[in-house]
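A.B. asks: Sending over a structure as structure tokens; questions will come in a sec.
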Amino acid sequence: MKEFRHYEEVSTLVLDKDKCIGCTLCTQVCPHHVFEMADRKAEIVDFNACMECGACVNNCPSGALSVNPGVG
Amino acid sequence: MTQDNSPSPSGPSKGLSTSGIGIMPSMAAAGHATAGPDTEASHDRPGYTLCKWVERFMGTPAGQVPVIRTQLDTGDRIATALVRCGINRHRYMVAPGLYAVGQPDAGSEVLVTANFKLTFDHLRTQLPDINAWVLVLDTKGVNVWCAAGKGTFSTGELVRRIAASDLEKIVTHRRLIVPQLGATGISARDVKSRSGFRVVYGPVRASDLPRFLENKRRTDPGMRDVTFTFLERIILTPVEVQIVLKPALLTALVLFILSGIGPGIFSFASAWTRGLTGLGAMAAGILSGAVVTPMLLPFIPVKEFALKGIISGCFAATAFLVALPTSAATFVTGLSLFLFTVAVSSFLAMNFTGTTPFTSPSGVEKEMKRYIPVQLTCLVLSSGFWIYGAF
């Protein structure tokens with residue numbers, strides 16, 4: 757999906773690394789490979805690929821992720 | 013449309029339907045017990061029609077469960093083609109509940125899906141050599157990803173459906189395979205705490221399911237990523253056009269009225285001839301914005317969809333004007349037609365953001381704020397030039 761890109765720096769995705777417990781669920785549910793694991797913590801590796809679908813937020817067990825698109 | 017509360021607890025209720033879901037055998041044919049093989053005839057019930065894609069029923073500790081076919085028949089294919097053109101698209105569903113494929117037992121996997129018949133067909137055709145349970149959620153006939161976004165493919169619906177189908181009596185394990193794109197509507201942790209079932213997120217595409225199951229429920233790298241290939245885009249374009257038909261009809265009405273305005277206040281002859289020319293420009297815009305732009309999406313080298321639509325719209329408008337007899341347009345009316353085609357193309361291309369699997373709501377909002385004023389300006393200028401051109 758690298759050839760499909762929309763605006764950059766518009767996503768409202770926020771990852772609070774301190775809260776991350778390293779469960780890897782976000783890396784499993786993200787359809788655009790936004791996250792990777794590094795040192796047992798999730799890391800945003802492709803912020804601009806985020807489409808704010810909310811799958812990661814919904815499944816994060818520790819509330820480390822948030823996404824807040826205005827209208828939707 | 014849902015058959016959840018069908019009043020036959022002892023009978024094979026789950027695969028039956030009272031209404032014309034997809035293409036069903038007619039009641040008349042079903043009434044002649046001699047016409048079909050015994051297996052089908054024995055499932056006849058007054059007021060119901062056996063779904064063609066149900067092969068038989070199997071007994072389970074929780075009652076009869078329909079076993080579904082893994083091959084589409086001609087009826088399924090015709091209905092698929094129609095739905096792809098937007099016909100019956102919002103009523104194309106199967107009854108939610110538990111189904112079986114192959115010969116599943118208490119240890120077989122449970123695959124969760126949506127009750128859009130296109131989704132259901134897509135899943136079952138990937139499972140010819142697999143024994144599994146298929147738990148269909150009531151998503152009101154919407155596919156998994158969209159339903160997850162809209163909140164019908166949800167934790168609540170999954171938990172309710174697990175209970176309603178007595179799943180804990182049917183399987184001894186406590187594991188569900190949910191399509192990855194369902195994650196937008198599902199919280200694995202909440203499903204676990206409310207139902208005792210653990211959610212395992214499967215691949216994005218049903219076609220990867222057999223390999224996923226072979227891999228002991230592990231995904232290969234590509235299985236987790238969404239794609240948007242040329243074929244995946246082109247198959248969406250008929251519905252893009254179908255959606256725009258109704259607003260296009262209204263626009264055409266306005267167009268014919270605008271076209272009649274002239275030196276003699278209003279002329280029906282000119283409303284017709286100029287209106288038809290305007291209609292042609294609109295058709296060029298629709299073709300450009302709803303068909304060509306989606307097809308050529310990654311090849312038009314700008315980010316914004318509206319701008320992609322403007323670029324392809326310029327080509328479409330030029331082609332249309334070149335094809336027009338020279339007597340049909342002066343410079344001013346030509347300019348008007350050009351702007352009209354471009355505005356329509358840009359708007360519809362922007363509209364396509366809602367169909368793509370990679371734009372974010374924040375991005376789309378930003379684009380709309382930027383480009384709706386541009387599109388409106390084109391439209392107003394076009395109308396002005398169009399009326400001016402009549403004098």
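Protein chains in written order, with the working numbering: chain H, 757 to 828; chain C, 13 to 403.
Every residue gets a Cβ at the ideal spot worked out from N, C-alpha and C, and that includes glycine.
Comparing C-alpha positions only, which one of H:Cys779, H:Cys812, H:Arg761 sits nearest to Ala794 (chain H)?
C.D. replies: The count along the first sequence starts at 1 and reaches residue 794 (chain H) at position 38. Minimum Cα distance to Ala794 (chain H) is reached at H:Cys779.
A.B. asks: If we call anything under 8 Å between Cβ atoms a contact, is Trp398 (chain C) one with Ser348 (chain C)?
C.D. replies: Mapped onto the second sequence, residue 398 (chain C) falls at position 386. Mapped onto the second sequence, residue 348 (chain C) falls at position 336. In contact: Trp398 (chain C) and Ser348 (chain C) (Cβ atoms closer than 8 Å).
A.B. asks: Going by the DSSP bridge assignment, what does Ala341 (chain C) pair with across the sheet?
C.D. replies: Indexing the second sequence from 1 puts residue 341 (chain C) at position 329. Note: Ala341 (chain C) sits in no beta bridge, so no partner.
A.B. asks: In three-state DSSP terms, what is Val266 (chain C)?
C.D. replies: Here the question's residue 266 (chain C) lines up with position 254 in the second sequence. Here Val266 (chain C) sits in helix by DSSP.
A.B. asks: Leu243 (chain C): buried (16+ other C-beta within 10 angstroms of its C-beta) or exposed?
C.D. replies: To locate residue 243 (chain C), count along the second sequence from 1; it is residue 231. With fewer than 16 Cβ atoms within 10 Å of its Cβ, Leu243 (chain C) is classed as exposed.
A.B. asks: Is Thr780 (chain H) close to chain C, meaning its C-beta is less than 8 Å from at least one C-beta of that chain?
C.D. replies: On the first sequence, residue 780 (chain H) is found 24 positions in, with the first residue counted as 1. Chain C, which has no Cβ nearer than 8 Å to the Cβ of Thr780 (chain H), makes this no.
A.B. asks: What does Gly75 (chain C) reach in chain H if we use C-beta pairs closer than 8 Å?
C.D. replies: In the second sequence, the residue the question calls residue 75 (chain C) occupies position 63. Here the premise fails: no neighbours, minimum Cβ distance about 33 Å.
A.B. asks: Determine the contact status of Gly401 (chain C) and Ile255 (chain C), defining contact as a CB-CB distance below 8 Å.
C.D. replies: The residue you call residue 401 (chain C) lines up with position 389 of the second sequence. The residue you call residue 255 (chain C) lines up with position 243 of the second sequence. No. Outside cutoff.
A.B. asks: Kindly list the residues whose CB is nearer than 7 Å to the CB of Asp85 (chain C), restricted to its own chain and excluding five residues on each side of it in sequence; keep chain order.
C.D. replies: Translated into the one-based positions of the second sequence, residue 85 (chain C) becomes position 73. Closer than 7 Å at the Cβ level, and outside the excluded window around Asp85 (chain C), lie Lys64.
A.B. asks: Measure from the C-beta of Glu799 (chain H) to each C-beta in chain C and report whether the shortest distance is under 8 Å.
C.D. replies: Translated into positions along the first sequence, residue 799 (chain H) becomes position 43. With 8 Å as the cut-off, Glu799 (chain H) does not count as an interface residue toward chain C.
A.B. asks: Within 8 Å of any Cβ in chain H, is that where the Cβ of Leu193 (chain C) sits?
C.D. replies: Working through the second sequence from its first residue, we reach residue 193 (chain C) at position 181. Leu193 (chain C) counts as touching chain H.
A.B. asks: Between Gly828 (chain H) and chain C, is the shortest Cβ-Cβ distance under 8 Å, so that the two count as touching?
C.D. replies: For this step, residue 828 (chain H) is matched to residue 72 along the first sequence. Any reading at Gly828 (chain H) must be qualified, since the residue scores a pLDDT of 43, below 50, and its modelled position is unreliable; the value itself is stated next. Judged by the 8 Å Cβ criterion, Gly828 (chain H) is in contact with chain C.
A.B. asks: Scan the stretch 184 to 212 of chain C for residues whose Cβ lies nearer than 8 Å to a Cβ of chain H and list them as they occur along the chain.
C.D. replies: So the close ones are Gln192, Leu193, Ala195, Thr196, Gly197, Ile198, Ser199, Ala200, Arg201.
A.B. asks: Helix, strand or coil for Val790 (chain H) per DSSP?
C.D. replies: The residue labelled residue 790 (chain H) in the question sits at position 34 within the first sequence. Reduced to three states, the DSSP call for Val790 (chain H) is coil.
A.B. asks: Just grab the DSSP bridge partners of Glu121 (chain C) for me.
C.D. replies: For the purposes of this step, residue 121 (chain C) is identified with residue 109 of the second sequence, where counting begins at 1. Glu121 (chain C) pairs with C:Ala144.
A.B. asks: Of the residues C:Leu262, C:Val113, C:Asn155, which one's Cα is nearest the Cα of Thr82 (chain C)?
C.D. replies: In the second sequence, counting from the first residue as 1, residue 82 (chain C) sits at position 70. Closest option to Thr82 (chain C), Cα to Cα, is C:Val113.
A.B. asks: With which residues is Lys797 (chain H) paired in a DSSP beta bridge?
C.D. replies: For this step, residue 797 (chain H) is matched to residue 41 along the first sequence. For Lys797 (chain H), which the question treats as bridged, DSSP gives the partners H:Ala794.
A.B. asks: Using a Cβ-Cβ distance under 8 Å, would Ala811 (chain H) count as near chain C?
C.D. replies: Within the first sequence, the letter at position 55 stands for residue 811 (chain H). At least one chain C Cβ lies under 8 Å of Ala811 (chain H).
A.B. asks: Does Leu149 (chain C) come out as helix, strand or coil in the three-state DSSP assignment?
C.D. replies: The residue you call residue 149 (chain C) lines up with position 137 of the second sequence. Of the three classes helix, strand and coil, the one that applies to Leu149 (chain C) here is strand, per DSSP.
A.B. asks: Could you give the first and the last residue of the continuous alpha helix (DSSP H) run that contains Asn319 (chain C)?
C.D. replies: Numbered from its first residue, the second sequence carries residue 319 (chain C) at position 307. The residue you asked about is not Asn; residue 319 (chain C) is Leu in the sequence shown. First-last of the alpha helix (DSSP H) with Leu319 (chain C): 317 to 335.
A.B. asks: Count the other CB atoms within 10 Å of the CB of Ile198 (chain C); is the residue buried (16 or more) or exposed (fewer)?
C.D. replies: If you number the second sequence from 1, residue 198 (chain C) lands on position 186. Ile198 (chain C) should be labelled buried.
A.B. asks: Is Arg101 (chain C) close to chain H, meaning its C-beta is less than 8 Å from at least one C-beta of that chain?
C.D. replies: Counting from 1 along the second sequence, the entry for residue 101 (chain C) is found at position 89. Not an interface residue.
A.B. asks: Who are the neighbours of Lys315 (chain C) on chain H, taking C-beta pairs under 7 Å?
C.D. replies: For this step, residue 315 (chain C) is matched to residue 303 along the second sequence. By Cβ distance, chain H contributes Arg761, His762, Tyr763.
A.B. asks: Identify, in the order they occur along the chain, each residue of the same chain with its Cβ nearer than 6 Å to the Cβ of Phe359 (chain C), setting aside the five sequence neighbours on each side.
C.D. replies: Counting from one through the second sequence, the residue named residue 359 (chain C) turns up at place 347. Excluding positions up to five away in sequence, the list reads Gln387.
A.B. asks: Contact between the stretch 298 to 315 of chain C and the stretch 247 to 254 of chain C: three or more CB pairs below 8 Å?
C.D. replies: Yes, the stretch 298 to 315 of chain C touches the stretch 247 to 254 of chain C.
A.B. asks: Chain C partners of Glu843 (chain H), CB-CB under 8 Å?
C.D. replies: Shown here, chain H extends from 757 to 828; a query on residue 843 (chain H) therefore has no answer.
A.B. asks: I'd like to know whether the C-beta atoms of Thr137 (chain C) and Thr131 (chain C) end up nearer to each other than 8 Å.
C.D. replies: Position 125 of the second sequence, counted from the start, is the residue given in the question as residue 137 (chain C). Position 119 of the second sequence, counted from the start, is the residue given in the question as residue 131 (chain C). Against a cut-off of 8 Å, the Cβ pair of Thr131 (chain C) and Thr137 (chain C) comes out as no contact.
A.B. asks: In terms of DSSP beta bridges, what is Gly208 (chain C) paired with?
C.D. replies: As a position in the second sequence, residue 208 (chain C) is number 196, starting the count at 1. Gly208 (chain C) is not bridged to any residue.
A.B. asks: Can you confirm whether Val770 (chain H), when its beta carbon is compared against all beta carbons of chain C, has any partner nearer than 8 Å?
C.D. replies: Working through the first sequence from its first residue, we reach residue 770 (chain H) at position 14. So no, Val770 (chain H) is outside the interface.
A.B. asks: Apply the 10 Å Cβ neighbour rule to Arg286 (chain C) and answer buried if 16 or more other Cβ atoms are within range, or exposed otherwise.
C.D. replies: Along the second sequence, one-based indexing puts residue 286 (chain C) at 274. Arg286 (chain C) comes out buried.
A.B. asks: Buried or exposed, going by whether 16 or more other CB atoms sit within 10 Å of the CB of Ser219 (chain C)?
C.D. replies: By one-based count along the second sequence, residue 219 (chain C) stands at place 207. Answer is exposed; the Cβ neighbour count stays below 16.
A.B. asks: Sort C:Pro385, C:Asn227, C:Ala159 by Cα distance to Cys809 (chain H) and report the nearest one.
C.D. replies: In the first sequence, counting from the first residue as 1, residue 809 (chain H) sits at position 53. Of C:Pro385, C:Asn227, C:Ala159, the residue nearest in Cα terms is C:Ala159.
A.B. asks: Do you know how far the Cα of Ser166 (chain C) is from the Cα of Cys812 (chain H)?
C.D. replies: If you number the first sequence from 1, residue 812 (chain H) lands on position 56. If you number the second sequence from 1, residue 166 (chain C) lands on position 154. Distance between the alpha carbons of Cys812 (chain H) and Ser166 (chain C) is about 14 Å.
A.B. asks: For a quick check, are the C-beta atoms of Phe760 (chain H) and Phe240 (chain C) less than 8 Å apart?
C.D. replies: As a first step, residue 760 (chain H) is located in the first sequence; it is residue number 4 there, counting from the start. As a first step, residue 240 (chain C) is located in the second sequence; it is residue number 228 there, counting from the start. Against a cut-off of 8 Å, the Cβ pair of Phe240 (chain C) and Phe760 (chain H) comes out as a contact.
A.B. asks: For a test of the three-state rule: what should DSSP assign to Phe128 (chain C), helix, strand or coil?
C.D. replies: Taking the second sequence and counting its residues from 1, the one referred to as residue 128 (chain C) is at position 116. Three-state result, Phe128 (chain C): strand.
A.B. asks: Spell out whether any CB of chain C is found under 8 Å from the CB atom of Asn822 (chain H).
C.D. replies: In the first sequence, the residue the question calls residue 822 (chain H) occupies position 66. The question names Asn, but residue 822 (chain H) in the sequence shown is Ser. It does not; no Cβ of chain C falls within 8 Å.
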